[in-house]
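First comes the structure, then the notes that go with it.
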């Protein structure tokens, strides 16, 4: 019985360093998590790119009558590209916070594609209200989770013309983005 009590005492005493080591492991895991979150805040974190899509306003009679006739309102139709090529380069950089390192991925992407208006024209063939003015007010949208992380100016070339990209939250993706 003396030996059994001694063995139980040794087992209990050896649990103390094991508990201290587990506590240290938990502290380091939490510190690593905070270091990664700090790096993500500085670099923008995970990105999601949606699109491109053309947002095209078109008139539709809403059925209300005024003294001079029916009232027109505008709705949007969204066109996806018929073809889309994405060419890119991913650069991996190790960022360090304290004793922790984590990879940060930077992508340089070039998107090119084609949009066909033939389906759109077929849809509006019976409706004479679709005009060239509606095409002129179309916008090209690209949803980006956090556009602040784009270091360079976004260049858009449309039919050989250079267009200015603007940051916006008004796009069909429920993301912020550019148009």
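Numbering (the numbering used here), first residue to last: -15 to 163. No residue lacks a Cβ here, since even glycine has one placed at the ideal position from N, Cα and C. What you are looking at is a predicted structure, and each value in this text was computed from that prediction instead of being measured.
Residue i at chain B interface by Cβ criterion, 8 Å
i: residue 136; result: In summary, chain B is missing from the structure at hand, where a single protein chain is found.
Buried versus exposed, by CB contacts within 10 Å (16 or more), residue i
i: residue 112; result: In this prediction, residue 112 scores a pLDDT of 47, lower than 50, which makes its location untrustworthy; the coordinate-derived value is nonetheless stated afterwards. That one is exposed.
i: residue 76; result: exposed
i: residue 126; result: buried
i: residue 3; result: exposed
i: residue 42; result: buried
i: residue 38; result: buried
i: residue 147; result: exposed
i: residue 124; result: buried
Alpha-carbon spacing of residue i relative to residue j, whole angstroms
i: residue -8; j: residue 5; result: 21 Å
i: residue 36; j: residue -1; result: 59 Å
i: residue 28; j: residue 68; result: 26 Å
i: residue 17; j: residue 91; result: 24 Å
i: residue -6; j: residue 8; result: 22 Å
i: residue 15; j: residue 1; result: 21 Å
i: residue 139; j: residue 98; result: 17 Å
i: residue 20; j: residue 26; result: 10 Å
i: residue 149; j: residue 79; result: 30 Å
i: residue 94; j: residue 134; result: 13 Å
i: residue 151; j: residue 102; result: 29 Å
i: residue 31; j: residue -3; result: 50 Å
i: residue 142; j: residue 13; result: 49 Å
Beta-carbon proximity of residue i to residue j, cut-off 8 Å
i: residue 81; j: residue 11; result: no
i: residue 40; j: residue 122; result: yes
i: residue 100; j: residue 66; result: yes
- Is the stretch 72 to 81 touching the stretch 125 to 137, taking contact as three or more C-beta pairs under 8 Å? Between the stretch 72 to 81 and the stretch 125 to 137, the count of C-beta pairs closer than 8 Å stays below three; the two stretches do not touch.
- Task: Would you mind listing the alpha helix (DSSP H) stretches within the stretch 57 to 89 that are 4+ residues and don't spill past its ends, in chain order?
- Result: none
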